[in-house]
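Inspection log for the structure reproduced underneath, given as structure tokens.
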Amino acid sequence: MPLEFSILDEFMKSWALRYLREAEADLSLAKECDSIELVKELSAISMRKAQLAIQYAFGDPNIMEYILEEALTKGSLRKEPLIRLIEKINILIKKTVDPQFTAGKDKILVLAEKTFEASSIIVKEALKRFSFVKGEKN
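Shown next as structure tokens:
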């Protein structure tokens with residue numbers, strides 16, 4: 055009987071998938087809103103949850119936050135694609151909730167949708183790559 059081996063524990067996997075589901079639900083709610091303030095708020099929440107899903111898929115989100123802060127202050131690892139993506143999502147979240155940001159509902163939703171889609175692909179691929187089936191010992 056094959057055994058499943060995973061670099062990530064079930065706790066991290068379940069949180070990554072949960073945050074993806076919640077990001078999708080918040081995005082869906084944002085699409086139904088008429089108020090631009092609610093659209094901005096729900097879109098930002100959706101993007102943050104999508105970002106957290108990525109962080110859980112790659113390990114402890116607290117460590118990821120620390121690595122991001124180190125990369126931003128010291129410049130080390132700043133060219134790493136995952137660090138750059140998390141940094142860009144942070145910027146996008148801040149921009150979305152900024153009262154000076156005057157984009158319309160459609161543009162905000164496109165930004166949130168693209169963030170969710172990218173996060174979803176990354177999380178699912180990470181979970182697939184970090185789990186594999188190992189045969190039994192004879």
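So the sequence shown is numbered by our numbering: it starts at 55 and just counts up by one. Even glycine gets a Cβ: it sits at the ideal position worked out from N, Cα and C.
According to the DSSP assignment, Asp88 belongs to no alpha helix (DSSP H), since it is labelled neither H nor E. Between Ala111 and Ala180, the beta carbon gap of about 4 Å places them in contact (Cβ cut-off 8 Å). Restricting attention to alpha helix (DSSP H) runs no shorter than 4 residues, the segment 122–191 encloses them at 135–151 and 159–183, ordered along the chain. In this structure, DSSP gives Asp114 a state outside helix and strand, which the three-state scheme calls coil. Assignment of Asp63 by DSSP, reduced to helix, strand and coil, places it in the coil class. Leaving aside the five residues that flank Leu139 on each side, the residues in its chain whose CB is nearer than 8 Å to its CB run, in chain order, Ile108, Ala172 and Ile176.
At a Cβ-Cβ threshold of 8 Å, Ile137 and Met101 do not count as neighbours.
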